[in-house]
Ligand SMILES: Nc1nc2c(ncn2[C@@H]2O[C@H](COP(=O)(O)OP(=O)(O)OP(=O)(O)O)[C@@H](O)[C@H]2O)c(=O)[nH]1
Ligand SMILES: [Mg+2]
């Protein structure tokens with residue numbers, strides 16, 4: 012697989028980014044270029060980073076419980092910036108009951124605490140396959156596909 | 284107009300959109316340039332480059348924090364600033380963790396500042412291939428100042444001297460890493476030295492050591508300043524020192540030697556036959572001598 016440019020971002024106010032850093036390292040070890048944004052980025056800042064870095068994948072991590080607001084907000088801003096092809100996935104502590112809503116907002120995968128590096132890699136392989144066969148996968152497509 | 288189909292734009296269109304202020308077009312153009320796309324590289328050739336500063340020094344001394352301070356300073360003067368943060372790629376997996384912008388909290392949301400993280404990829408040095416063309420793309424996009432952050436002390440530093448007009452060498456208190464640079468005779472290539480973390484003990488001492496090292500090497504005119512990116516002290520003085528840097532003929536020769544070498548290298552490595560030659564070498568099908576002949580006698 013060709014290397015992807017992936018932004019790993021941490022919106023929200025909680026100050027724990029251990030999980031996000033673990034994800035960033037796993038993606039790097041899988042051969043990708045991972046841009047780590049650091050703590051407490053606003054949705055606007057995250058979209059600006061995606062745009063400036065010409066990244067095609069965005070991983071959002073949240074432990075604060077604010078994902079229900081923040082993840083859809085980021086997806087909305089990506090679409091209105093014309094960044095429809097960007098693929099968004101989420102990680103952190105996200106209860107099952109919240110997930111459907113996030114998928115509907117455009118998040119394509121949600122990874123819980125027990126996720127292995129292999130899970131990420133398989134997801135990205137699928138993303139690249141869908142992209143190369145012109146199947147919808149970006150945040151701008153409304154067919155609701157998500158990885159499971 | 285926002286980001287309409289940069290995927291389907293030609294490099295000429297991307298270049299003109301970038302020059303008209305589209306960050307998205309600039310972002311894509313930089314990607315294409317780094318991938319070695321000839322048309323994109325040509326679309327920025329002949330551009331007059333903006334004033335470029337290389338910021339280098341050992342890991343963890345605060346280069347990114349200081350870059351953040353400098354970029355914000357010039358932006359507060361109304362200037363547009365482009366920042367390239369360079370980090371190494373793993374030669375085995377090709378992966379890279381680009382964490383510099385994590386420290387760029389002031390610059391991150393400033394409309395006058397464009398920050399781009401760049402992995403070194405297949406380059407075997409501390410600088411990516413086609414860095415010069417990336418600098419030209421930023422210049423074309425209207426950046427009036429360009430800052431390039433690279434990790435390194437020792438031999439690798441010489442590279443950044445060749446790519447930028449001015450070199451700022453950053454060190455920390457009581458690290459002693461810079462002694463390596465001194466041994467290699469590279470300290471003299473810096474135009475300005477900043478000892479960062481001036482809020483901690485030992486910074487003044489470290490600066491004094493560097494100054495006496497420089498005096499021995501007959502280059503006492505290189506300013507050595509104590510700054511703190513954390514407390515934002517000494518930044519105005521640092522800016523002033525950087526703006527007052529004079530061209531040094533002895534450094535110009537070094538600069539152009541390396542500029543020429545890396546331009547030749549970029550060209551050789553960008554040729555489509557290069558990768559297959561490397562594969563043949565790795566498979567033992569040809570000798571190094573044969574490979575060199577193949578490359579230079581096409
Ligand atoms: N006390 C103090 N800490 C600082 C200062 N500037 C930076 N730091 C801290 O030093 C650490 C490294 O800062 P960076 O700016 O990432 O250093 P760097 O040289 O860019 O690091 P690499 O890119 O990894 O080589 C961070 O924890 C900063 O908060 C300073 O002026 N004073
Ligand atoms: Mg840094």
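Protein chains in written order, with the numbering used here: chain W, 12 to 159; chain D, 284 to 581.
Every residue gets a Cβ at the ideal spot worked out from N, C-alpha and C, and that includes glycine.
- Here residue 141 of chain W is not bridged, per DSSP, to any residue.
- For residue 315 of chain D, the distance from the CB to the nearest heavy atom of ligand 1 is not below 7 Å.
- Looking from the CA of residue 61 of chain W, the closest CA among D:400, D:372, D:339, D:292 belongs to D:400.
- The Cβ-Cβ distance between residue 158 of chain W and residue 131 of chain W does not fall below 8 Å.
- Residue pairing by DSSP places residue 402 of chain D opposite D:370 in a beta bridge.
- The Cβ atoms of residue 380 of chain D and residue 36 of chain W sit closer than 8 Å to each other.
- Within chain W, the residues placing a beta-carbon under 8 Å from that of residue 376 of chain D are 39, 40, 41, 42, ordered along the chain.
- Across the set W:63, W:21, W:100, the C-alpha of W:21 shows the shortest separation from the C-alpha of residue 77 of chain W.
- With a 10 Å radius around the Cβ and a threshold of 16 neighbouring Cβ atoms, residue 514 of chain D comes out exposed.
- The residue from D:335, D:324, D:383, D:395 with its alpha-carbon nearest to that of residue 358 of chain D is D:395.
- Looking at the DSSP output, residue 336 of chain D bridges to D:430, D:449.
- A straight line joining the alpha-carbon of residue 544 of chain D with that of residue 85 of chain W spans about 44 Å.
- Boundaries of the alpha helix (DSSP H) around residue 520 of chain D: 518–526.
- Taking the beta carbon of residue 398 of chain D as reference, the chain W residues within 7 Å of it are 63, listed in sequence order.
- In this chain, residue 18 of chain W is not harboured by any alpha helix (DSSP H); it is covered by the beta strand (DSSP E) spanning 16–20.
- Following the DSSP letters along the chain, one finds residue 30 of chain W inside the alpha helix (DSSP H) bounded by residues 29–40.
- Neighbours of residue 380 of chain D in chain W, taken as residues at a C-beta separation under 8 Å, are given in chain order as 35, 36, 39, 45, 47.
- For residue 391 of chain D, the nearest CB of chain W lies under 8 Å from its own CB, placing it at the interface with that chain.
- Rounded to whole angstroms, residue 314 of chain D and residue 495 of chain D show a C-alpha spacing of 43 Å.
- Of all residues, those with a beta-carbon under 6 Å from at least one heavy atom of ligand 1 are D:342, D:343, D:344, D:345, D:346, D:347, D:348, D:383, D:386, D:434, D:479, D:480, D:482, D:483, D:511, D:512, D:513, reported in chain order.
- Against residue 385 of chain D, the close residues of chain W are 47, 48, 49, in the order they occur along the chain (beta-carbon pairs closer than 7 Å).
- Taking the Cβ of residue 526 of chain D as the reference point, every heavy atom of ligand 2 lies at 7 Å or farther away.
- Secondary structure at residue 531 of chain D: coil, using DSSP grouped into helix, strand and coil.
- With 16 or more other Cβ atoms from the protein chains shown falling within 10 Å of its own Cβ, residue 63 of chain W counts as buried.
- DSSP, read as helix, strand or coil, puts residue 553 of chain D in helix.
- Judged by beta-carbon spacing, residue 349 of chain D lies within the 8 Å limit of residue 512 of chain D, meaning their Cβ atoms are closer than that value.
- Taking a contact to require three or more Cβ pairs closer than 8 Å, the region 410–426 of chain D and the region 516–534 of chain D do not qualify as touching.
- In the DSSP assignment, no residue is bridged to residue 514 of chain D.
- Annotation: residue 410 of chain D has no Cβ neighbours in chain W at a cutoff of 8 Å; minimum Cβ distance is about 16 Å.
- Inter-segment contact for the region 118–127 of chain W and the region 92–105 of chain W is present: three or more beta-carbon pairs are separated by less than 8 Å.
- Here DSSP, grouped into helix, strand and coil, assigns residue 148 of chain W to coil.
- At least 8 Å separates the CB of residue 29 of chain W from every CB of chain D.
- Taking all protein chains shown into account, residue 342 of chain D has fewer than 16 neighbouring C-beta atoms within 10 Å of its C-beta and is therefore exposed.
- Residue 454 of chain D has D:478 as its beta-bridge partners, per DSSP.
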